[in-house]
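Residue numbers (the numbering used here), protein chains in the order written: chain A, 333 to 565; chain B, 29 to 263.
Okay, here's the thing in structure tokens:
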């Protein structure tokens, strides 16, 4: 078996890949623009359809926020690996003497950073359009969004890397991604909906966040374990 | 821990994609300070052989040994000693030449990635374009950066897949000189090409491939074009 490199080396490689991905994105703003445009459009369409005379359906804001995050995340996942495919740089990454899980972690952190940036725009927009007190518990909302985003992105990063050479990758990604991330989306929606109640039951929010963190641990562990064999050949 | 090797040996290497045999029982041996040419028409299996040697593809049968090391047993340490220049240049068009080279130098563990990138840019003759994005470079300039990207970590085994594609005469001559330099420095160079004129006089040995099979292996091939015609005519 190949000797495992040190954790510090893995962190260094993940950081290099994250920094590279963010530099490329800052130069092109391609993924940021497309995901934000898509997510904001999605929220606007729902707002036009559901908000009547200034009244939004109960818990609607929670569902719509997570729909926008999931759709925007799927778009970002597809594009970030399409970029590596177009210039075949994914092969260069796989040929480097870095542990492949470190490459996965670098790509995952890049996706999370992009989704967090999208959420920073989406949360106030949804709060405004749906008259929802989303920002009344900023710490818990941050915890719910971050833990949910990690779980969604952990599965998505693995699948989009796996599908990078598949001809119908754009169709296959959501088909594979959504059924597996359903628990994350449900937990995220329920926790966010709870935060919108007039009397927030924090014990319930804590339960959903704990569930999301448990799902994160499971998904990230499975992805780290399977990334290397899936990316070989 | 870094590993090193003086010899590259392929024994009965095959690679199948489903029912298609991209490589069928290829064997050869080459050592440090030499350039091995993989010659053949399109679809002969040259790129597949390069990908197998680069550890990107696992052979369906046979073994590849890097000195005494097997790819399956050494993984990352072995990849640290291999440099690959493929059909695609493996460069990020949005990043500058320096950023690309520094990124890959860092990935290969260079202590000072920036200094390694600057030295590579000097060798490529592109120091004055270091801070320009790769997307603004001509094909020849990109190819020079890509070659230095593949060599930035001082690999023992250098794998080049059609490196003369898109190069003008001056750039092709510079590449030939660089390959001779690598041979003199003790690298094992494997060059897949169908540009026989540029490979003329450069190869220490040649492997003629057709439809994934080895037609003939020739040491010190001379008059490459006529040798190629006579060997492929017979096949």
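Even glycine gets a Cβ: it sits at the ideal position worked out from N, Cα and C.
At 8 Å on the CB atoms, spell out the chain A contacts of residue i, in chain order.
i	result
residue 118/B	419, 420, 421, 423, 424
residue 107/B	427, 428, 429
residue 114/B	420, 423
For the beta strand (DSSP E) that contains residue i, what are its first and last residues?
i	result
residue 49/B	48-59
residue 238/B	233-238
residue 91/B	89-94
residue 385/A	Where residue 385/A is concerned, there is no enclosing beta strand (DSSP E), given that its DSSP letter is neither H nor E.
Check this for me: beta carbons of residue i and residue j, under 9 Å apart or not?
i	j	result
residue 415/A	residue 356/A	yes
residue 92/B	residue 187/B	no
residue 371/A	residue 464/A	no
residue 216/B	residue 59/B	yes
residue 477/A	residue 401/A	yes
residue 458/A	residue 466/A	yes
residue 563/A	residue 426/A	yes
residue 218/B	residue 63/B	yes
residue 88/B	residue 44/B	yes
residue 94/B	residue 33/B	yes
residue 177/B	residue 118/B	yes
residue 56/B	residue 235/B	yes
residue 247/B	residue 233/B	yes
Can you give me the start and stop residues for the alpha helix (DSSP H) that residue i sits inside?
i	result
residue 127/B	125-135
residue 365/A	362-382
residue 5/B	The structure shown has nothing for residue 5/B, since chain B only spans 29 to 263.
residue 111/B	Note, residue 111/B: premise wrong, no alpha helix (DSSP H); beta strand (DSSP E) at 110-113.
residue 526/A	501-527
residue 491/A	470-494
residue 416/A	392-418
residue 438/A	432-461
residue 531/A	It is not in any alpha helix (DSSP H) - residue 531/A carries neither H nor E in the DSSP assignment.
Show which residues of chain B have a CB atom less than 8 Å away from the CB atom of residue i.
i	result
residue 360/A	122
residue 564/A	86
residue 355/A	122, 123, 127
Where does residue i sit, in a helix, a strand or coil, going by DSSP?
i	result
residue 564/A	coil
residue 161/B	strand
residue 193/B	coil
residue 32/B	coil
residue 180/B	coil
residue 225/B	helix
residue 553/A	helix
residue 71/B	coil
residue 154/B	coil
residue 215/B	coil
residue 116/B	coil
residue 103/B	coil
residue 141/B	helix
residue 84/B	coil
residue 250/B	coil
residue 428/A	coil
residue 497/A	coil
residue 39/B	strand
residue 122/B	coil
residue 62/B	strand
residue 175/B	helix
residue 464/A	coil
residue 188/B	strand
For a contact meaning CB atoms closer than 7 Å, what does residue i contact in chain A?
i	result
residue 84/B	423, 426, 427
residue 173/B	Here the premise fails: no neighbours, minimum Cβ distance about 12 Å.
residue 215/B	Here the premise fails: no neighbours, minimum Cβ distance about 16 Å.
Can you name, in chain order, every residue of its own chain whose Cβ lies under 7 Å from the Cβ of residue i, other than the five neighbours on each side?
i	result
residue 334/A	Bear in mind that a pLDDT of 43 at residue 334/A, under 50, signals an unreliable position, so the model cannot answer this.
residue 440/A	485, 486, 489
residue 428/A	none
List the residues of chain B whose Cβ lies closer than 7 Å to the Cβ of residue i, in chain order.
i	result
residue 348/A	131, 134, 135
residue 345/A	135
Starting from the C-beta of residue i, find all residues in its chain whose C-beta is less than 6 Å away, skip the five residues before and the five after it, and write them out in chain order.
i	result
residue 519/A	540, 543, 544
residue 134/B	141
residue 73/B	50, 51, 237, 240
residue 411/A	363
residue 214/B	60, 61
residue 253/B	224
CB-CB under 8 Å to residue i, same chain, minus the five flanking residues each way: which ones, in chain order?
i	result
residue 160/B	124, 125
residue 497/A	417
residue 526/A	532, 533, 536, 537, 540
residue 139/B	none
residue 395/A	521, 525
Can you pull the chain A neighbours of residue i, defined as C-beta to C-beta under 9 Å?
i	result
residue 50/B	The contacting residues do not exist; residue 50/B stays about 13 Å from chain A at best.
residue 145/B	Here the premise fails: no neighbours, minimum Cβ distance about 13 Å.
Identify the contact partners of residue i in chain B, using a Cβ-Cβ distance below 9 Å as the criterion.
i	result
residue 439/A	Correct list: empty, because the minimum Cβ distance to chain B is about 13 Å.
residue 384/A	Near residue 384/A there are no residues of chain B at all, since even the closest Cβ is about 45 Å away, more than 9 Å.
Shorter than 8 Å, the distance from the beta carbon of residue i to the closest heavy atom of the ligand NAD, or not?
i	result
residue 247/B	Looking for the ligand NAD in the displayed structure turns up nothing, as the structure carries no ligands at all.
Nearest chain D C-beta to residue i closer than 9 Å, yes or no?
i	result
residue 352/A	Reference to chain D is not applicable here, since the protein chains of this structure are A and B.
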